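Here's the structure, in structure tokens; my notes come after.
The following block contains the structure:
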């Protein structure tokens, strides 16, 4: 079977007006023809198979959204080729729209003033979903999350989490081949995040929907993606499965604790106790960088608890930014 | 089946506009205030002119015309420019573009619901009140049918102009000034604020060659003409049809070109 998305040597350039500063500069800008070209996406190639969940990572301004906009057909690539389900997206935007679903983290495609079920009915007619398919989909939703209370609630009265959840359901409603999720868990609390991850995972499994997920949250990536693609400054840095990347940077997590007494002196004591890991202290926390291949965080915590009285603790995952920094510094084999 | 795709948007629009009861009430009050101003303004104009008939219109002719123009405005004004401008600024336009319906149609049908509610809640009551109060100053006959046909075309022309102006927002990324400019031009040159009969001769001629008078002047003159000549009606409707087609083609073309610009250069 051929891949559902084929991207070949795609580059996207924007023309940006060189802005000058101050009042005089602004006036000059009115007549300025001084453009500079910005390369937002630089020679990217990848194939994505039906049913994959791909994590698309990169810092802000890396070119993630631009790539997604090209895949959805809102932008036309400057050079290179994109095929989505056999279509060239920007040439057949309306046709392509039938095959894809999108969720853009902060914006909602739902009808603001209406109860969710009305939005669903609208989408049903707009995407020309048959009654049987629509009922099946709602039954599937009902089995995954408790949507009954949401259905009759106007969207404007929903919490951010409920709205995001509803938006994801709306994006999957017409059973698209591909769903683009742009930072779906941004601003949500832990329990909502996990609810949404479970939902995405289940929908992907049930419907074999390809999911392209952009996020800054390594937790999302860990929970959902087998494969990740990392781009920075428009260039592709990494495209492989997540295990490979994990093996590369190790599964480091930072354990932060607070104990009684002076943190600096206590840190030295802990460092002596835990020879394998590096321990440092600042004004608030003692940080222990734990390599989970050597010992589980929970064991380290247990060990510490036996000899110290812990007042507080925190666990930090390695962030996308750190991963990218590490890739830059050390390269990927 | 295909039509259902669009009618569902109409349906949602009706439900949506019924959600905001207070907004409707406020609008009705605003209109009454506007009409009071209009009443006294024109009363003063007629009083100072010294004659009962100015430019072929009596005081009550003028007033009926302006009241109905206001009612027509309430029902035809779609705030398309605002809507396009806002969705460009907020980036929501990306989501709208990704619906499997062409954007120009999508927007129109999304608004069609509020047409229907506005027609029943503002235009029709106003019309009935005016007709009742003036005791037969409005001829009720075949002209009603022509009026309806004329309004349908007026809606289409108005939408095309709005969409054309809204498209400009893709370039300017600001809406306020453009919207105000459009509103003033359309309302003045269409005869919505001052009946075209009052315009000075050269301007009147120019206005008849512009599309705007087809929006308000044409349907109202058809409605209020007590003794319609088949020829006048035909010319009026024909002109409207012509503008309908021309503006539709223009606005579609401009949108297509602009959108291409955006997909190439990014927004």
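Residue numbers (the numbering used here), protein chains in the order written: chain A, 938 to 1270; chain B, -14 to 252. Think of the CB as a built atom: it goes at the ideal place given N, C-alpha and C, for glycine as much as any other residue. Note that this is a predicted model, so its numbers are computed, not measured.
Query, Result
"Alpha carbon of residue 6 of chain B to alpha carbon of residue 1095 of chain A, nearest angstrom", "21 Å"
"Nearest-angstrom beta carbon gap, residue 4 of chain B and residue 1108 of chain A [assumed within contact, 8 Å]", "24 Å between Cβ atoms; not a contact."
"CB of residue 1066 of chain A within 8 Å of CB of residue -7 of chain B, strictly", "no"
"Under 7 Å from the C-beta of residue 51 of chain B: neighbouring residues of chain A", "Near residue 51 of chain B there are no residues of chain A at all, since even the closest Cβ is about 33 Å away, more than 7 Å."
"Where residue 1159 of chain A falls: helix, strand or coil (DSSP)", "helix"
"Top-ranked residue by Cα proximity to residue 140 of chain B, from B:-3, B:99, B:88 and B:29", "B:99"
"Contacting residues, own chain, Cβ-Cβ under 7 Å from residue 192 of chain B (five flanking each side not counted)", "174, 181, 184 and 198"
"Continuous alpha helix (DSSP H) stretch holding residue 91 of chain B: start and end", "88 to 103"
"Integer Cβ distance of residue 205 of chain B from residue 54 of chain B, believed to fall under 8 Å", "6 Å"
"Counted within 10 angstroms of its Cβ, other Cβ atoms place residue 217 of chain B as buried (16 or more) or exposed", "exposed"
"Same chain only: Cβ atoms within 6 Å of residue 1125 of chain A, ignoring 5 sequence neighbours per side", "1098"
"Environment of residue 1249 of chain A [buried if 16+ CB atoms lie within 10 Å]", "exposed"
"is_contact[residue 1270 of chain A, chain B] using C-beta, thresh 8 Å", "Because the pLDDT at residue 1270 of chain A is just 44, under 50, the model does not fix this residue reliably, and the value given afterwards should be weighed accordingly. No, no contact with chain B."
"Residue from B:-4, B:131 and B:148 with nearest C-alpha to residue 62 of chain B", "B:148"
"Distance CB(residue 8 of chain B)-CB(residue 1055 of chain A) smaller than 8 Å", "no"
"Residue 12 of chain B: first and last residue of the uninterrupted alpha helix (DSSP H) it sits in", "6 to 34"
"8 Å Cβ cutoff met for residue 1153 of chain A and residue 1180 of chain A", "no"
"Own chain residues within Cβ distance below 8 Å of residue 1110 of chain A, not counting five before or after", "1038, 1057, 1060, 1061, 1064, 1066, 1071 and 1074"
"Endpoints, alpha helix (DSSP H) assigned at residue 144 of chain B", "127 to 157"
"Nearest neighbour of residue 901 of chain A, chosen from A:998, A:1024 and A:1006 [CA to CA]", "In the structure displayed, chain A extends from 938 to 1270; residue 901 of chain A sits before or after that span and is not available."
"Span separating the alpha-carbon of residue 18 of chain B from that of residue 170 of chain B", "22 Å"
"Among A:1253, A:1174 and A:1162, nearest to residue 1194 of chain A - alpha-carbon criterion", "A:1253"
"Complete alpha helix (DSSP H) runs within the segment 32 to 61 of chain B (minimum length 4 residues, chain order)", "44 to 61"
"Residues within the segment 965 to 982 of chain A neighbouring chain B, beta-carbon criterion of under 7 Å", "none"
"Alpha-carbon spacing of residue 960 of chain A relative to residue 11 of chain B, whole angstroms", "41 Å"
"Under 7 Å by beta carbon: chain A residues contacting residue 1 of chain B", "1048, 1050 and 1051"
"Cβ of residue 1071 of chain A within 8 Å of any chain B Cβ", "no"
"CB-CB length for residue 188 of chain B against residue 50 of chain B, believed under 8 Å", "18 Å between Cβ atoms; not a contact."
"Chain B residues whose Cβ lies nearer than 7 Å to that of residue 1146 of chain A", "Residues of chain B passing the Cβ test: none, with the nearest at roughly 16 Å."
"Nearest neighbour of residue 1036 of chain A, chosen from A:993, A:1016, A:1105 and A:1147 [CA to CA]", "A:1147"
"Listed by chain order, chain A residues near residue 29 of chain B by CB distance under 9 Å", "Ordered by position in chain A, no residue passes the 9 Å Cβ test against residue 29 of chain B, which lies about 43 Å from the chain."
"Among A:1196, A:1190, A:1191 and A:1167, nearest to residue 1182 of chain A - alpha-carbon criterion", "A:1167"
"Option nearest residue 78 of chain B by Cα separation, candidates B:154, B:212 and B:130", "B:154"
"Where residue 896 of chain A meets chain B, residues with beta-carbon distance less than 7 Å", "Since the displayed chain A opens at 938 and closes at 1270, residue 896 of chain A lies outside it and no answer follows."
"Residue 1146 of chain A (DSSP reduced to helix, strand or coil)", "coil"
"Continuous beta strand (DSSP E) stretch holding residue 199 of chain B: start and end", "Neither: residue 199 of chain B is in no beta strand (DSSP E) and is coded neither H nor E."
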